[in-house]
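Chemist: I am attaching a structure below and will ask some questions about it afterwards.
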Amino acid sequence: MSELTGRYPRDVELANETVELSLLSEADREDLLAFARSLPAHDLLFLSRDIREPKVQGAWLRQIEAGEIVSIVARAEGKIVGTTAVVIDRLSFSAHVGELRILVAGGARHKGLGRKLIQEAFMVGVDQGLEKLTARMTLDQDAAIAVFEELGFIREAMFRDHVKDAEGKKHDVLVMSQDVEAFYGQKRLYGLDEAL
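Each residue of the sequence shown is one higher than the one before, starting from 511 at the first, in the working numbering.
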C-alpha cells in the first residue's frame, strides 16, 4: 500500500468545491457513522451489511487494518461527503477481483465526486494488482449506472429480488464490471493515465 500512502491525503477540485481525499482509518469512526446515518436507507441496499450499525463499521475498520479493504474518504469543510471501498478476498478463487463500493452524500452529488471516487478506486485496483473490479447497485440508481457505464463498466448480471428494504419490499441488484488492467493500460497507451 506504499503507493497509496504517498497519494493521500490530497485535495481535488470538483464543481465549485475542494474536497480532501484520505485513506479511511479508525480516527474517522465517529464521522463515518454520522455520514452513514445521514444517507437514505435505499442508498445502502446494494451493500451486504448495514454500515449504520457501529459493529458493522468496526468490522469494516478491522478489514482495512487486515488489508482486505482499501477505503478512501472524501471530506468537504471537514465533513465526510463520500467514501469508496475496494473489497479484496485474498483467500478466494476470485482474489484477482475487487468489489467496489461507493457512497456519496445527497448534497455532494452531481459535482463529479462519484466519478472521482470511482477513478481513485481504479488506482487502488492497479496498486493492489487486481485484474477486475465489480460494482453492485439497485436498478433505480440511474445516475450511478450512467457514471459507471461512462467509465467503461459493463452490465454483467442482474439478481432479481436480491435485497429487501425496511418495509420488506424486494429490489433487483445490478452487477457491473470493468477489466482494470486493460482499461488502465489503454489509458496509459494514449497518455491519458494522468486523468485517472
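Note that beta-carbon positions come from the ideal geometry of N, C-alpha and C, so glycine has one too.
(1) Buried or exposed for residue 563, going by 16 or more other Cβ atoms inside 10 Å?
(2) Can you say whether residue 611 is buried or exposed, counting buried as having 16 or more other CB atoms within 10 angstroms of its CB?
(3) Quick check on this structure: which residue in 622, 684 and 655 has the alpha carbon closest to the alpha carbon of residue 672?
(4) What is the C-beta distance between residue 533 and residue 520, in whole angstroms, given that I count them as a contact (C-beta under 8 Å)?
(5) According to DSSP, is residue 669 helix, strand or coil?
(6) Of all the options 598, 576 and 660, which has the alpha carbon lying nearest to the alpha carbon of residue 494?
(7) What does DSSP give as the partner residues of residue 529 in its beta bridges?
(8) Pull up the distance between the alpha-carbon of residue 517 and that of residue 624, whole angstroms please.
(9) Cα-Cα, which of 575, 524, 616 and 571 is closest to residue 547?
(10) Thinking residue 690 and residue 642 are a contact (beta carbons under 8 Å), I'd like their distance in whole angstroms, please.
(11) Go to residue 602, then tell me how far its alpha helix (DSSP H) extends in each direction, as first and last residue.
(12) Does the contact criterion of 3 or more C-beta pairs under 8 Å hold for the stretch 664–682 versus the stretch 637–652?
(13) Candidates 535, 605 and 601: which alpha carbon is nearest residue 590's?
(14) Tell whether a beta-carbon distance below 7 Å holds between residue 658 and residue 686.
(15) Taking only runs of the alpha helix (DSSP H) that begin and end inside the stretch 600–668, which ones reach a length of at least 4 residues, in chain order?
(16) Which whole-angstrom value is the C-beta distance of residue 613 and residue 553, which I expect to be below 8 Å?
(17) By the DSSP assignment, the alpha helix (DSSP H) with residue 676 in it spans what residues?
(18) Around the C-beta of residue 631, are 16 or more other C-beta atoms found within 10 angstroms, so that it is buried, or is it exposed?
(19) Please say whether residue 608 and residue 708 have beta carbons closer to each other than 7 Å?
Modeler: Put simply:
(1) Taking the sequence shown and counting its residues from 1, the one referred to as residue 563 is at position 53. Label assigned to residue 563: exposed.
(2) As a position in the sequence shown, residue 611 is number 101, starting the count at 1. Label assigned to residue 611: buried.
(3) Your numbering for residue 672 matches position 162 in the sequence shown. With distances taken between Cα atoms, residue 672 lies closest to 684.
(4) Counting from one through the sequence shown, the residue named residue 533 turns up at place 23. Counting from one through the sequence shown, the residue named residue 520 turns up at place 10. Wrong, their Cβ atoms sit about 11 Å apart, outside the cutoff.
(5) Position 159 of the sequence shown, counting from 1, holds the residue named residue 669. Residue 669: strand per DSSP, three-state reduction.
(6) With the chain covering only 511 through 706, there is no way to say anything about residue 494.
(7) Counted from its first residue, the sequence shown places residue 529 at position 19. DSSP lists 522 as partners of residue 529.
(8) On the sequence shown, residue 517 is found 7 positions in, with the first residue counted as 1. On the sequence shown, residue 624 is found 114 positions in, with the first residue counted as 1. When rounded, the separation of the alpha-carbon atoms in residue 517 and residue 624 is 18 Å.
(9) In the sequence shown, residue 547 corresponds to position 37, counting from 1. Of the candidates 575, 524, 616 and 571, the one whose C-alpha sits nearest the C-alpha of residue 547 is 616.
(10) The count along the sequence shown starts at 1 and reaches residue 690 at position 180. The count along the sequence shown starts at 1 and reaches residue 642 at position 132. Taking a contact as a CB-CB distance under 8 Å, the pair residue 690 and residue 642 counts as one, their CB atoms being some 6 Å apart.
(11) In the sequence shown, the residue the question calls residue 602 occupies position 92. Here residue 602 belongs to no alpha helix (DSSP H), and DSSP marks it neither H nor E.
(12) Contact annotation: the stretch 664–682 touches the stretch 637–652, with at least three C-beta pairs closer than 8 Å.
(13) Within the sequence shown, residue 590 is the residue found at index 80, counting from 1. Residue 535 is the option with its Cα nearest to residue 590.
(14) Translated into positions along the sequence shown, residue 658 becomes position 148. Translated into positions along the sequence shown, residue 686 becomes position 176. Their beta carbons are under 7 Å apart, which means residue 658 touches residue 686 by this criterion.
(15) Fully contained in the stretch 600–668 are the following alpha helix (DSSP H) runs of length 4 or more, in chain order: 623–637 and 652–660.
(16) Taking the first residue of the sequence shown as 1, we reach residue 613 at position 103. Taking the first residue of the sequence shown as 1, we reach residue 553 at position 43. Distance from residue 613 to residue 553 at the Cβ level is roughly 7 Å; contact confirmed, criterion being Cβ atoms closer than 8 Å.
(17) By one-based count along the sequence shown, residue 676 stands at place 166. It is not in any alpha helix (DSSP H) - residue 676 carries neither H nor E in the DSSP assignment.
(18) As a first step, residue 631 must be located in the sequence shown, where it is residue number 121. Around the beta carbon of residue 631, 16 or more other beta carbons lie within 10 angstroms, which makes this residue buried.
(19) One cannot answer for residue 708 here, as it falls past the ends of the chain, which runs 511 to 706.
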